[in-house]
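In the UniProt record's numbering, the protein residues as written are 1 to 149.
Written below as structure tokens is the structure these notes are about.
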């Protein structure tokens, strides 16, 4: 399987979930162990990643009759944002995927920590757009720390 297909997997794997994945607590990706996952993205792949649009994907799925639960839509938005921001900073599929997975059952993944931090930064009844803006800022901060470590 190609690296491009693994990227599609990272982008698409969570979109088909029908259960709440707000905290990404049950994320695992077999492709993390493939050698291709540790290689930098090609310029063609980076162009593809830049073109991803979670809102467009959500609209397309709704158009085709899938009533996506709001939690699943949020998971797609978050995973797309992480992929785009991580790839923009030169992270590999392996590095990005590992941010979504727990090392142990009790230690939260980096993406879980980012989601919690963003949730704590906004009011409980905040709009999805405002939450995603807060998450974008939190994600930028954490990804910049990862890249500069």
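Glycine is no exception: its CB is placed at the ideal position from the N, C-alpha and C atoms.
Being a predicted model, the structure only gives us computed values, none of them experimental.
First and last residue of the uninterrupted alpha helix (DSSP H) at residue i
i           : result
residue 57  : 54-63
residue 77  : 70-88
residue 43  : 43-51
residue 209 : Summary: the structure shown does not reach residue 209, with the chain confined to residues 1 through 149, and so no result is reported for it.
residue 94  : 93-100
residue 110 : 110-121
Whole-angstrom distance between residue j and residue i, CA atom to CA atom
i           : j           : result
residue 21  : residue 57  : Confidence in residue 21 is poor, its pLDDT being 44 and thus under 50, which makes the residue's placement unreliable; the coordinate value appears in the next sentence. Answer to the nearest angstrom: the Cα atoms are 18 Å apart.
residue 68  : residue 81  : 18 Å
residue 1   : residue 54  : Model confidence at residue 1 stands at a pLDDT of 46, short of 50, so the residue's coordinates are unreliable and nothing is read from them.
residue 115 : residue 40  : 26 Å
residue 62  : residue 78  : 18 Å
residue 155 : residue 28  : Residue 155 cannot be examined here, being either before or after the span of the chain that is shown, 1 to 149.
residue 70  : residue 135 : 16 Å
residue 76  : residue 31  : 19 Å
residue 142 : residue 64  : 36 Å
residue 72  : residue 123 : 21 Å
Spatially closest choice to residue i from the options, by CA coordinates
i           : options           : result
residue 118 : 101, 109, 98, 130 : 130
residue 89  : 30, 147, 28       : 147
residue 121 : 143, 133, 142     : 133
residue 144 : 40, 102, 87       : 87
residue 74  : 137, 29, 128      : 128
Short Cβ contact (8 Å threshold) for residue i with residue j
i           : j          : result
residue 38  : residue 94 : yes
residue 110 : residue 99 : yes
residue 140 : residue 85 : yes
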